[in-house]
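Protein chains in written order, with my numbering: chain A, 112 to 223; chain B, 783 to 894.
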C-alpha cells in the first residue's frame with residue numbers, strides 16, 4: 112500500500128511550546144522519509160529528512176523521531192515560533208521509484 | 783538565480799479554454815514533475831519526466847499534456863479547462879532519485 116497517513120490535520124501551539132506532527136506508513140520498502148515545509152503562497156521546501164536505519168535526526172529546533180517497528184515517524188518542533196506557522200508534509204519514497212508519496216499535510220499555527 | 787521558475791504565477795480563464803504553464807529549472811537536474819495542490823492543500827503528483835522521457839503519468843485526464851523540450855523545461859498544456867481544474871500547480875525537479883525535490887513557486891489556476 113503506497114500511502115502515508117499524517118495527523119493532525121491542523122495544530123495550534125503557543126509560542127515556545129513543542130509542536131508534534133505524526134505520520135505512519137505501510138510499505139516497508141520505503142527508505143527515505145523527508146518532511147517538507149510550505150509557507151502560504153510558496154512551494155514546499157525540504158525541511159529535514161531521515162533514513163530508516165536512524166532513530167532520530169536533529170537539525171536546530173527540528174527533530175525527526177523514527178520508529179521502524181511501528182512504521183511511524185514524527186516531527187518535533189521545539190521552542191515553536193510564529194515564523195514556524197506553515198503547512199508541513201511528511202513523505203516517503205524508495206530508491207527504485209521516481210516519486211515521493213506525500214501525507215495530506217498539517218496546518219500549524221503558532222500563537223504569538 | 784531562481785532554481786525552479788514557473789510562469790505565469792496567476793492564471794484566470796473561462797471554462798473550455800486551452801492554457802499552458804511553463805516551468806524551467808537551472809539546477810541541472812534530470813527529473814522534473816508536475817503536482818496539483820487542491821484547496822485542502824493535498825499534493826498530488828501528475829507527471830514526471832526523466833531526461834525528456836515520461837516516466838510517471840498518474841491517472842490524469844488526457845486533457846492534460848506535458849511537454850519537455852529539453853531536460854531543463856517541462857511545460858503543462860491543459861485543453862478544454864473545467865471548473866475542477868482550479869488549483870495551484872507546482873513544478874518540481876530532482877536529481878536522479880526522488881529524494882530531494884525542489885519546488886517552483888506555483889501557478890494558481892482559476893477557471894470561471
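Even glycine gets a Cβ: it sits at the ideal position worked out from N, Cα and C.
Give the straight-line distance between the Cα atoms of residue i and residue j, rounded to the nearest whole angstrom.
{"i": "residue 838 (chain B)", "j": "residue 829 (chain B)", "result": "5 Å"}
{"i": "residue 139 (chain A)", "j": "residue 182 (chain A)", "result": "8 Å"}
{"i": "residue 883 (chain B)", "j": "residue 874 (chain B)", "result": "6 Å"}
{"i": "residue 877 (chain B)", "j": "residue 142 (chain A)", "result": "16 Å"}
{"i": "residue 215 (chain A)", "j": "residue 856 (chain B)", "result": "25 Å"}
{"i": "residue 788 (chain B)", "j": "residue 809 (chain B)", "result": "14 Å"}
{"i": "residue 99 (chain A)", "j": "residue 814 (chain B)", "result": "Look at the range of chain A in this structure, 112 to 223, and you will see that residue 99 (chain A) is not part of it."}
{"i": "residue 871 (chain B)", "j": "residue 187 (chain A)", "result": "29 Å"}
{"i": "residue 176 (chain A)", "j": "residue 819 (chain B)", "result": "27 Å"}
{"i": "residue 786 (chain B)", "j": "residue 823 (chain B)", "result": "20 Å"}
{"i": "residue 168 (chain A)", "j": "residue 189 (chain A)", "result": "13 Å"}
{"i": "residue 163 (chain A)", "j": "residue 202 (chain A)", "result": "13 Å"}
{"i": "residue 112 (chain A)", "j": "residue 827 (chain B)", "result": "Confidence is the limiting factor: at residue 112 (chain A) the pLDDT is only 49, short of 50, which leaves the residue's position unreliable and the question unanswerable from this model."}
Bridge partners of residue i, per DSSP?
{"i": "residue 161 (chain A)", "result": "A:144"}
{"i": "residue 218 (chain A)", "result": "A:121, A:198"}
{"i": "residue 836 (chain B)", "result": "B:831"}
{"i": "residue 813 (chain B)", "result": "B:832, B:876"}
{"i": "residue 176 (chain A)", "result": "A:167, A:185"}
{"i": "residue 896 (chain B)", "result": "What the structure shows of chain B is the stretch from 783 to 894, and residue 896 (chain B) is not part of that stretch, so it cannot be assessed."}
Applying the 10 Å Cβ sphere with the 16-neighbour rule, what's the burial state of residue i?
{"i": "residue 894 (chain B)", "result": "exposed"}
{"i": "residue 115 (chain A)", "result": "buried"}
{"i": "residue 863 (chain B)", "result": "buried"}
{"i": "residue 150 (chain A)", "result": "exposed"}
{"i": "residue 154 (chain A)", "result": "buried"}
{"i": "residue 129 (chain A)", "result": "exposed"}
{"i": "residue 899 (chain B)", "result": "The first residue shown for chain B is 783 and the last is 894, placing residue 899 (chain B) beyond what the model contains."}
{"i": "residue 166 (chain A)", "result": "exposed"}
{"i": "residue 836 (chain B)", "result": "exposed"}
{"i": "residue 869 (chain B)", "result": "buried"}
What residue does the beta strand (DSSP E) around residue i start on, and which one ends it?
{"i": "residue 187 (chain A)", "result": "183-188"}
{"i": "residue 135 (chain A)", "result": "130-136"}
{"i": "residue 869 (chain B)", "result": "869-876"}
{"i": "residue 808 (chain B)", "result": "Element bounds for residue 808 (chain B): n/a, residue is neither H nor E."}
{"i": "residue 892 (chain B)", "result": "889-893"}
{"i": "residue 786 (chain B)", "result": "786-789"}
Whole-angstrom Cβ separation of residue i and residue j, contact assumed at under 8 Å?
{"i": "residue 124 (chain A)", "j": "residue 212 (chain A)", "result": "Not really, about 26 Å apart at Cβ, beyond 8 Å."}
{"i": "residue 865 (chain B)", "j": "residue 846 (chain B)", "result": "Wrong, their Cβ atoms sit about 15 Å apart, outside the cutoff."}
{"i": "residue 892 (chain B)", "j": "residue 803 (chain B)", "result": "Not really, about 13 Å apart at Cβ, beyond 8 Å."}
{"i": "residue 145 (chain A)", "j": "residue 217 (chain A)", "result": "About 15 Å separates the two Cβ atoms, so there is no contact after all."}
{"i": "residue 148 (chain A)", "j": "residue 132 (chain A)", "result": "That pair is no contact at about 11 Å."}
Is there at least one Cβ from chain D nearer than 8 Å to residue i's Cβ?
{"i": "residue 213 (chain A)", "result": "Any reference to chain D falls outside this structure, whose protein chains are A and B."}
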